[in-house]
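Report on the following structure.
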């Protein structure tokens with residue numbers, strides 16, 4: 003019922019590093035510090051480590067589920083829960099991927115509106131970005147994988163820019179260390195969840211990996227690299243800004259780009275936001291591909307047809323989100339939904355699949 007893709011459409015295991023990492027480093031890193039430090043203060047860097055560590059455990063659980071099922075989430079849920087319940091859960095994942103893309107594209111357009119083109123209507127950028135993403139997605143999974151590789155490469159030079167705020171940082175801002183309650187750590191860890199979301203697309207592209215079980219180490223390395231980048235970003239922000247400044251600075255990373263002093267560039271943040279488009283684009287494309295692939299698998303309709311329908315729905319929803327409050331509300335909703343999806347459903351599916359397979363063997 004659910005055939006596997008041909009070998010010519012599959013990619014090498016090591017490319018999972020770029021796929022997973024590119025999904026976790028996107029528009030969220032441009033301003034995540036404010037939300038985490040609100041509850042954790044100068045110990046917010048601990049939330050990055052604890053949240054990232056929990057994601058590594060979830061990656062391990064995800065691979066156990068996928069290695070046993072030997073297929074994507076649509077087929078696995080059909081095997082475990084049956085046609086109707088499995089189909090309902092698969093439809094949930096399709097909506098989940100779709101809303102994830104909506105958050106990404108609308109938040110990035112907001113960055114462009116606020117920092118570069120405040121007078122241009124947002125629908126112009128929404129339409130342009132969606133058209134670009136659409137043409138990449140119809141190219142197939144291998145094209146998207148190549149885009150993810152380039153997105154990681156393009157984003158690395160921007161890490162070197164952190165040298166400029168580091169020169170003006172104060173190490174004393176990190177003190178006192180470990181001055182945080184367990185409750186506050188849990189709250190800040192939960193708040194960090196939104197930034198590590200995205201690895202769930204693994205459940206959809208797993209069959210497109212050659213010798214998929216061997217890609218597990220690359221997925222883990224991709225998450226570790228994401229943790230390192232978030233940790234460095236958080237530490238520099240804490241050392242550069244005061245606690246009061248961090249609470250009121252919406253885009254802390256973008257604000258740090260403003261202090262970059264290069265002889266040939268006066269406003270580096272403009273360049274940084276443009277370069278960051280090539281980091282965000284793979285996120286959008288992988289999410290669109292996953293949602294349209296899920297529609298294709300679940301309803302047996304052409305993936306191009308489902309992709310067009312999803313793009314139209316995202317554009318309509320993005321037009322409705324007119325201001326910062328709407329975008330913030332959507333981010334909070336996705337963070338809550340994502341939190342319970344990865345921390346409750348993935349472990350539940352792991353155990354339910356395990357025991358159901360045991361029962362069937364008997």
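In our numbering, the protein residues as written are 3 to 364.
Each residue gets a CB set at the ideal place from its N, CA and C atoms; glycine is no exception.
- If you compare the alpha carbons of 295, 270 and 192 with that of residue 34, the shortest gap goes to 192.
- Nearest neighbour of residue 104 by Cα position, chosen from 155, 320 and 25, turns out to be 320.
- The way I'd put it, the region 320–333 doesn't touch the region 41–51; fewer than three beta-carbon pairs between them come closer than 8 angstroms.
- By the beta-carbon neighbour count (other beta carbons within 10 angstroms, threshold 16), residue 198 is buried.
- Rounded to whole angstroms, residue 54 and residue 232 show a C-alpha spacing of 9 angstroms.
- According to the DSSP assignment, residue 152 belongs to the alpha helix (DSSP H) that extends over 143–162.
- Per the coordinates, the alpha-carbon of residue 271 lies some 43 angstroms from the alpha-carbon of residue 350.
- Around the beta-carbon of residue 125, fewer than 16 other beta-carbon atoms lie within 10 Å, marking it exposed.
- Residue 267 carries a strand assignment under DSSP once its states are collapsed to helix, strand and coil.
- In this structure residue 150 does not touch residue 290 by the C-beta definition: roughly 13 angstroms separates them, more than the 8 angstroms allowed.
- Residue 182 carries a coil assignment under DSSP once its states are collapsed to helix, strand and coil.
- Boundaries of the alpha helix (DSSP H) harbouring residue 86: 85–117, taken from the DSSP string.
- Counting C-beta pairs with one atom in each stretch, the region 108–115 and the region 274–287 have three or more that are closer than 8 angstroms, which means they touch.
- Approximately 5 angstroms separates the beta-carbon atoms of residue 32 and residue 255; this is inside 8 angstroms, confirming the contact.
- Following the DSSP letters along the chain, one finds residue 176 in no alpha helix (DSSP H), marked with neither H nor E.
- Distance between residue 296 and residue 64, taken at the CA atoms: about 17 angstroms.
- Here DSSP, grouped into helix, strand and coil, assigns residue 282 to helix.
- Proximity of the region 231–251 to the region 167–175 meets the contact definition, three or more beta-carbon pairs being nearer than 8 angstroms.
- Here residue 261 carries a coil assignment [DSSP, helix/strand/coil].
- In this structure residue 11 is in contact with residue 143, their Cβ atoms being roughly 6 angstroms apart against a cut-off of 8 angstroms.
- In terms of CA proximity to residue 312, 98 leads the group 98, 47, 51 and 80.
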